[in-house]
Amino acid sequence: MTSPSTSKRCNLTRTIKSARLAMTKTQRSSRRTQTTDLVRYASTTLLALTCGLLLAACASTTPVRSNHAVSYQGLEKRGDQSMVISPKQPDLGRYGWAIIEPIQIDEAVSSSVSPDTSKEVLEVLQSILDKEVRQTFSLSDRASEQSAGRPTVVLRVRITRITEASPALNVLTTALVGPLRNGALAAELEAVDAASGKQLALMLWADSGGVAKDFLGNFNRSAHARALATRFATDASAFLTPLSSTKKQ
Numbered sequence: 001m002t003s004p005s006t007s008k009r010c011n012l013t014r015t016i017k018s019a020r021l022a023m024t025k026t027q028r029s030s031r032r033t034q035t036t037d038l039v040r041y042a043s044t045t046l047l048a049l050t051c052g053l054l055l056a057a058c059a060s061t062t063p064v065r066s067n068h069a070v071s072y073q074g075l076e077k078r079g080d081q082s083m084v085i086s087p088k089q090p091d092l093g094r095y096g097w098a099i100i101e102p103i104q105i106d107e108a109v110s111s112s113v114s115p116d117t118s119k120e121v122l123e124v125l126q127s128i129l130d131k132e133v134r135q136t137f138s139l140s141d142r143a144s145e146q147s148a149g150r151p152t153v154v155l156r157v158r159i160t161r162i163t164e165a166s167p168a169l170n171v172l173t174t175a176l177v178g179p180l181r182n183g184a185l186a187a188e189l190e191a192v193d194a195a196s197g198k199q200l201a202l203m204l205w206a207d208s209g210g211v212a213k214d215f216l217g218n219f220n221r222s223a224h225a226r227a228l229a230t231r232f233a234t235d236a237s238a239f240l241t242p243l244s245s246t247k248k249q
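For the sequence shown, the working numbering gives the first residue as 1, with consecutive numbering after it.
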């Protein structure tokens, strides 16, 4: 027969064990809840970051005005990357000479990226534009007498946006959702008559890099912008071709 004191001790022992078991379950449940909360928080943060960067990527393919062109009236969308004021019929095939003015880059644009990136993009754009324009025009400068008396078009190029890729961020996100921070470029080409200053044509252009276009470029700050500078120069030259009186071979 069990004594009352022994019975009380057994009940107390069972109560303590039950309390410990309940505490253990509570701690495990709490840890699971904390882990779940952390996963949810991380997922929500990553989703928000992804959405934000995707919106930024969409914005980076929108052409940007420099507000320095003679006029923006009559701009029409052409393709996915550009808006244009096309050359008018009376000016088609009229110009054999071209002057390329120094490429302009707004201070707000250059201050938003590293000096090296600005320099690299400018150098690539100047070099390729010069090469491409030579295919359809004879190049001159304002001091040259060669173009005197000949219809000459002045080309003004303005860089209106440069976006650097983010190698560090892209390394972190590549395994999960792919690179998120791509490089981008927006630029403006204006063609005016050298003698009268009349606007002949205008093109606003913008595009961004990406996984399909240039995957490795996601891990170099300026690679996308430099590649896009080459594309812009090529598109700009093709856009100007109708103005040329002689298409060189």
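Note that CB positions come from ideal geometry on N, CA and C, so glycine has one too.
These numbers were taken from a predicted model, which means no experiment stands behind them.
- [ ] Sort Val70, Val64 and Asp207 by Cα distance to Asp193 and report the nearest one.
- [x] Val70
Open item on the list: Pop quiz: Leu200 and Pro87 are said to be a contact at Cβ under 8 Å. What is the actual Cβ separation, rounded to whole angstroms?
Closed with: 6 Å
Task: Of the residues Ala229, Ala238, Lys77 and Val154, the one placed nearest Ile128, counting alpha carbons only - done: Ala229
Open item on the list: I need the DSSP call for Thr160, collapsed to helix, strand or coil.
Closed with: strand
Open item on the list: Mapping the DSSP letters down to three states, classify Ile103 as helix, strand or coil.
Closed with: coil
Open item on the list: For a test of the three-state rule: what should DSSP assign to Thr152, helix, strand or coil?
Closed with: strand
TODO: With DSSP collapsed to three states, give me the class of Gln89.
DONE: helix
TODO: Assign Pro115 to one of two classes, buried (16 or more other C-beta atoms within 10 Å of its C-beta) or exposed (fewer than that).
DONE: exposed
TODO: From the DSSP output, in three-state form, read off Ala195 for me.
DONE: coil
- [ ] Evaluate Asp130 with the Cβ neighbour count: other Cβ atoms within 10 Å of its Cβ, from every protein chain shown; 16 or more gives buried, anything less gives exposed.
- [x] exposed
Task: Where Glu188 falls: helix, strand or coil (DSSP) - done: strand
Task: Option in Glu132, Ser196, Ser111 and Arg231 with minimal Cα separation from Leu244 - done: The amino acid occupying residue 244 in the given sequence is Ser; Leu does not appear at that position. Taking only the C-alpha atoms, the option nearest Ser244 is Glu132.
Task: Ala187 classed as buried or exposed, judged by whether at least 16 other C-beta atoms fall within 10 angstroms - done: buried
- [ ] Could you name the residues of the same chain whose beta carbon sits closer than 8 Å to that of Arg150, not counting the 5 residues immediately before and after it, in chain order?
- [x] Gly96 and Trp97
- [ ] Between the Cα of Val92 and those of Ala225, Thr163 and Ala191, spot the shortest distance and give me the residue it belongs to.
- [x] A small fix is needed here, since residue 92 is Leu in this sequence, not Val. Minimum Cα distance to Leu92 is reached at Ala191.
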